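If you want the numbering used here, it's the 1-based position in the sequence shown plus 2.
Heads up, the thing below is written out as C-alpha cells.
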Amino acid sequence: MPKRSLSRLTVVASAFAALLAAAPAAALADGGAEQPAGHVYINDNTAGANTIAAFARQADGSLTPLPGSPFPAGGAGTGAGLASQGAIQLGSDGRYLLAVDAASNQISVLRVGYRGVPERVGQPVFSGGERPVSIAVSHGIVYVANAGASAPNVTGFWLAPWGRLYQLPYSTVQLPAGSGPDDVVVDPTGHRLIVPLVNTAQIASFQITWDQRLVPAAGSPFAAQDPGPFGSEFNPVNPSQLFVTNAHGGAGNGTVSAFNVSDEGVLSSIGSSPFADLQTAPCWLEVSHDGRYLFAVNTGSGEISSYSIAPDGSLTLLASIPFGAAGAGAVDARLSPDGRTLFVNGSKAGVVAAFAVNGGSLTELASSPTPLPVGAVASGIVVN
3 MPKRSLSRLT
13 VVASAFAALL
23 AAAPAAALAD
33 GGAEQPAGHV
43 YINDNTAGAN
53 TIAAFARQAD
63 GSLTPLPGSP
73 FPAGGAGTGA
83 GLASQGAIQL
93 GSDGRYLLAV
103 DAASNQISVL
113 RVGYRGVPER
123 VGQPVFSGGE
133 RPVSIAVSHG
143 IVYVANAGAS
153 APNVTGFWLA
163 PWGRLYQLPY
173 STVQLPAGSG
183 PDDVVVDPTG
193 HRLIVPLVNT
203 AQIASFQITW
213 DQRLVPAAGS
223 PFAAQDPGPF
233 GSEFNPVNPS
243 QLFVTNAHGG
253 AGNGTVSAFN
263 VSDEGVLSSI
273 GSSPFADLQT
283 APCWLEVSHD
293 GRYLFAVNTG
303 SGEISSYSIA
313 PDGSLTLLAS
323 IPFGAAGAGA
333 VDARLSPDGR
343 TLFVNGSKAG
353 VVAAFAVNGG
363 SLTELASSPT
373 PLPVGAVASG
383 IVVN
C-alpha cells in the first residue's frame, strides 16, 4: 500500500479515536448521554394539585432533579404529613408509579417514560374510601389503605398492562372505625396482607384468596406488642417473617416487633420480641434484599437504627446514626435495587438523604442531602 494511503488511514483513525474520547464529555454537556443507574420518586403530597418529585440516581448514590420536576400527579394532596408508609409505589413490572392523592380520595397512575420522566395515565381513580395513605403492589394487584376516621378500609384493584386501575369486585374490607391504618403490605408470595392500626395498637391480618379476596385471619386484628404499630415489611427471603415498628412508646422507648405469620395469616411472636431500638418514634422501616438487616427510621429522635436479622427472625440492635444535616422528621426509606444505597425521605427538612450501605452499617454520602421541591410535604419514596 502506498505511503500516502497509509498516512490517510492514520489520520482517519486518529480522528475517530479523538471523537470517541470526546463523546462522553459532549454527551454530558448536552445533558443526558450518561445514563443514570436509576431514579428516585417521591409523592410531594402538595396542597391542592399534587406533584411527584423525580431524580436521576447515579451509581454513587448522588441525585439530580429531572428537568421539569416536580410533575403533576393528577389528584390533590393534603399539604400536611400523611404519617404513613408506602404513599407511592412502583408497579410489578416497573413501568408505572402509583401515588395516593389523600385530599381528593384518589390514586394516580404515572407511566415511567423516557429518561424516567413520570407521565400521567388518564385521570386518577377513586381509592375506594376516604383519605388513602398507603399502597401495596403484588403481581399486578394493588391494595390501598384508606384511613378515613369513620370507615377505614382496604380496597383492591387490578393494574392493567396499559396502566389503568380497575377496582376488583368484592375487594373492600372494613377496618375498625378510628383505627388509623398507616401501612398496607403483602408478603412476597402474594398470599398474606398486613395492616398496622396505629390508633388502636392492633395489627389486621388477612389471607388473600385465589380470586384476590381478603379473608381475615383467625384472631385478627391482633394486639400489637407496644403502642403505635406503624411501618411494616415482610422478610423478602422468608415470607413468613414480618417486622413492625412501634412508634408511640415515648422518648427512648421505641421498639421493633418480629412475628411469624402462618399461611392463614395468624401472627405469633418471634424470640424476645419486641426488640428495643433505644430511640424515639421508630416509624418507617426497610429490610435488606438479602433479608439479613433491618433499618428503622426514628422520626422523633432523628436517628436511623440498624439491626441484624437472625435466621429465626430475631433482631439484634447494631447501631443508630444521626440523620445528618436533615435532623428529625425523616419519614419513608428505600434501598436501591443493588442494596448499596439507602435513600431516606427527610420530609420535615425538605430533603432526600442518601447513605452508603455496608452490611448493617450506614454512612451518609458526601453528596447528601438533596433538596425536595419547594412546597413539598413529602410522603413515600420509590427507588428503581
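Cβ atoms here follow ideal geometry from the backbone N, Cα and C, with glycine treated the same way.
Small disclaimer: the values here were computed from a predicted structure and weren't measured.
Reference residue i, options the options, closest by Cα
i, options, result
"Val384", "Gln37, Ile44, Gly40", "Ile44"
"Pro190", "Gly362, Arg59, Gly293, Phe297", "Gly293"
"Val197", "Thr211, Asp213, Phe224, Tyr172", "Phe224"
"Ser259", "Pro371, Arg166, Pro284", "Pro284"
"His250", "Pro231, Arg97, Arg113, Ala147", "Pro231"
"Pro229", "Val246, Ser222, Gln214", "Val246"
"Gly150", "Tyr116, Asp265, Ser181, Ser140", "Ser181"
"Ser316", "Ser242, Asn201, Ser363", "Ser242"
"Leu374", "Asn47, Gly40, Thr48, Ala55", "Ala55"
"Ile109", "Gly331, Gln125, Val119, Gly118", "Gln125"
"Ile90", "Gly50, Trp164, Ala61, Asp185", "Asp185"
"Val188", "Asn201, Leu216, Leu161, Gly165", "Leu216"
"Ile272", "Phe261, Asp279, Leu280", "Phe261"
"Gly348", "Asp340, Pro171, Ala335, Ala358", "Ala335"
"Ser370", "Ala351, Gly382, Arg166", "Ala351"
"Gln176", "Gly158, Pro67, Val239", "Gly158"
"Leu195", "Asp213, Ala203, Asn201, Pro218", "Pro218"
"Thr96", "Gly115, Ser106, Ser363, Ala105", "With the sequence shown as reference, residue 96 is identified as Gly, and Thr is not the correct amino acid for it. It is Gly115."
"Val111", "Gly83, Pro74, Ala105, Arg117", "Pro74"
"Glu266", "Thr301, Thr53, Ile210", "Ile210"
Inter-residue spacing [alpha-carbon to alpha-carbon] between residue i and residue j
i, j, result
"Asp314", "Pro276", "14 Å"
"Leu99", "Gly79", "16 Å"
"Ala58", "Val299", "23 Å"
"Arg122", "Val42", "17 Å"
"Asn360", "Phe345", "14 Å"
"Ser173", "Val146", "10 Å"
"Arg133", "Val156", "11 Å"
"Asn255", "Ala179", "27 Å"
"Val139", "Leu92", "8 Å"
"Phe208", "Leu244", "13 Å"
"Ala31", "Gly142", "Residue placement at Ala31 is poorly supported in this model, since its pLDDT is 34, which falls under 50; the coordinates are not used for a value here."
"Ala321", "Ala101", "33 Å"
"Ser264", "Leu199", "20 Å"
"Gly233", "Gly326", "22 Å"
"Asp2", "Arg113", "Any answer about residue 2 is impossible in this case: the structure gives the chain only from 3 up to 386."
"Ala29", "Trp286", "Caution applies to Ala29, whose pLDDT of 37 falls short of 50 and renders its modelled position unreliable; the model cannot decide the point."
"Ser381", "Tyr295", "23 Å"
"Ala85", "Glu235", "16 Å"
"Val289", "Pro238", "8 Å"
Endpoints, beta strand (DSSP E) assigned at residue i
i, result
"Ile109", "108-114"
"Leu320", "317-324"
"Asn248", "240-248"
"Asn255", "It is not in any beta strand (DSSP E) - Asn255 carries neither H nor E in the DSSP assignment."
"Ala41", "For clarity, residue 41 is His in the given sequence; the question names Ala instead. That run of the beta strand (DSSP E) goes 40-45."
"Arg133", "Segment: none, Arg133 is in no beta strand (DSSP E) and carries neither H nor E."
"Thr157", "155-161"
"Pro218", "216-218"
"Trp212", "Unbroken run through Trp212: none, as it is neither H nor E."
"Arg59", "50-59"
"Glu305", "305-311"
"Pro72", "Where Pro72 is concerned, there is no enclosing beta strand (DSSP E), given that its DSSP letter is neither H nor E."
"Pro67", "65-67"
"Ala298", "295-300"
"Pro231", "231-237"
"Val359", "353-360"
"Ala101", "98-103"
"Ser271", "269-271"
"Val376", "Neither: Val376 is in no beta strand (DSSP E) and is coded neither H nor E."
Expected contact under 8 Å - CB spacing of residue i and residue j to nearest Å
i, j, result
"Ser136", "Gly88", "4 Å"
"Pro154", "Gly131", "7 Å"
"Ala387", "Ile205", "The displayed coordinates of the chain run from 3 to 386. Any statement about residue 387 would go beyond what the structure contains."
"Phe297", "Ile306", "6 Å"
"Thr282", "Ser308", "Rounded, the Cβ-Cβ distance is 16 Å, inconsistent with contact."
"Gly63", "Leu367", "5 Å"
Helix, strand or coil at residue i according to DSSP, with G and I counted as helix
i, result
"Arg336", "strand"
"Arg194", "strand"
"Arg117", "helix"
"Trp286", "strand"
"Ala368", "coil"
"Val123", "coil"
"Val385", "strand"
"Ala278", "strand"
"Asp189", "coil"
"Gly93", "coil"
"Tyr172", "coil"
Contact test: residue i Cβ vs the ligand GDP heavy atom, cutoff 7 Å
i, result
"Ala283", "Annotation note on the ligand GDP: not contained in the displayed structure, which lists no ligands."
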